[in-house]
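Throughout the sequence shown, residue numbering follows my numbering, covering 1475 to 1740 in sequence.
Everything below concerns the one structure shown next.
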Amino acid sequence: MNLIEAIILGLVQGLTEFLPVSSSGHLVIFQDFLGMNQPGVTLEVILHFGTLLSVLVIFGRDFLELLRFPKDTAQRRFLLLLLVGMVPTALIAFLLGDYMELLFDSTLAVGVMLLVTGGMLKLLTLLTGGQKDINGMQYRDALWIGLLQGVAIIPGISRSGSTITAAIWRGLAQATAVRYSFMLAAPVIFGATLLEVKDMIAAGIERALLINYLAGGLVAFLAGVVAIKTFISLLKRHKFHYFAYYCWAAGAFTVIYALIKHGFVF
């Protein structure tokens, strides 16, 4: 993995982790299209850590308030809602993670899932934001959002698109939906990073490539910050249909490419 490849993967990871276009799906596509090797475990750890830092930078104050075991009733409720939302995601990852990982070898499956994501994002543009704030949010809302986040383990299904759509579908106000969605992502990214750290220690750190990997992680962090701010801005301006069209175009192109590559289309 040379420096340019590490930077490209860092840029793709950072932008697509938080924009509603599926980071895992885009990594599969870019590696296939550009003939890149699978990134090493060390790079995966650093890229995930970079995107985790992006969330912490944007929502750092919110996390600090939660870690202080807040006395405020609304803050305590928000912490519990985050914990509840993590349950279905963790269960899906534990029970079905190995099966879903098989889809990472199928560019065709990723293309189909991007088409699904486009439909979901188009639905989001048709939904009217609700009025629920944290005090009005129910635990079943958190479970529903966490369930959709778990489904987004499938490459090509957008995590942020799934959770925001689920939240607004359940009547959450837009600001609450965004805050809950991105803060719910942090423990998931952190958990994935910890699992990869174990593998990284077992495989050993590739010191010769460490500079390349750190550059990729830095790019992922900076791109992640830009992506989060762009996401929030476009959602406020009701411009989400652009992402739906993009996912449909990218999905259709990927499906056709995969069919041609495997000899189904001549």
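Yeah, the Cβ is synthetic: ideal placement off N, Cα and C, and Gly gets one too.
Please read these numbers as outputs of a predicted model, since none were measured by experiment.
In this structure, how does DSSP classify residue i when only helix, strand and coil are distinguished?
{"i": "Leu1493", "result": "coil"}
{"i": "Leu1646", "result": "strand"}
{"i": "Lys1606", "result": "strand"}
{"i": "Ala1626", "result": "coil"}
{"i": "His1712", "result": "coil"}
{"i": "Ser1632", "result": "coil"}
{"i": "Arg1550", "result": "helix"}
{"i": "Gln1612", "result": "coil"}
{"i": "Phe1738", "result": "coil"}
{"i": "Asn1476", "result": "coil"}
Measuring CB to CB, does residue i end up less than 9 Å from residue j?
{"i": "Ile1627", "j": "Met1574", "result": "yes"}
{"i": "Leu1521", "j": "Gly1488", "result": "yes"}
{"i": "Gly1440", "j": "Ile1481", "result": "The chain is shown from 1475 up to 1740; residue 1440 falls before or after that span and cannot be answered."}
{"i": "Leu1485", "j": "Val1693", "result": "yes"}
{"i": "Gly1585", "j": "Tyr1731", "result": "yes"}
{"i": "Thr1435", "j": "Lys1606", "result": "Residue numbering for the chain in the displayed model covers 1475 to 1740; residue 1435 lies beyond these limits and cannot be assessed."}
{"i": "Ala1659", "j": "Thr1639", "result": "no"}
{"i": "Gly1524", "j": "Phe1695", "result": "yes"}
Label residue i either buried or exposed according to how many other C-beta atoms from any shown protein chain fall within 10 Å of its C-beta, with 16 as the threshold for buried.
{"i": "Ala1723", "result": "exposed"}
{"i": "Gly1509", "result": "exposed"}
{"i": "Val1652", "result": "buried"}
{"i": "Phe1552", "result": "buried"}
{"i": "Ile1449", "result": "Missing from the structure shown is residue 1449; the chain here goes from 1475 to 1740 and no further."}
{"i": "Asp1615", "result": "buried"}
{"i": "Leu1576", "result": "exposed"}
{"i": "Gly1737", "result": "exposed"}
Fill in: Meets three-Cβ-pair contact criterion under 8 Å: the region 1640 to 1659 and the region 1606 to 1616
yes
Discussion item. Quick check: the region 1630 to 1643 against the region 1482 to 1498, are at least 3 beta-carbon pairs closer than 8 Å?
Written reply: With contact defined as three or more Cβ pairs closer than 8 Å, the region 1482 to 1498 and the region 1630 to 1643 are in contact.
Item to complete: Could you tell me whether the region 1527 to 1547 touches the region 1710 to 1722, using the rule of 3 or more Cβ pairs below 8 Å?
Response: The answer is no - the region 1710 to 1722 does not touch the region 1527 to 1547, with fewer than three Cβ pairs under 8 Å.
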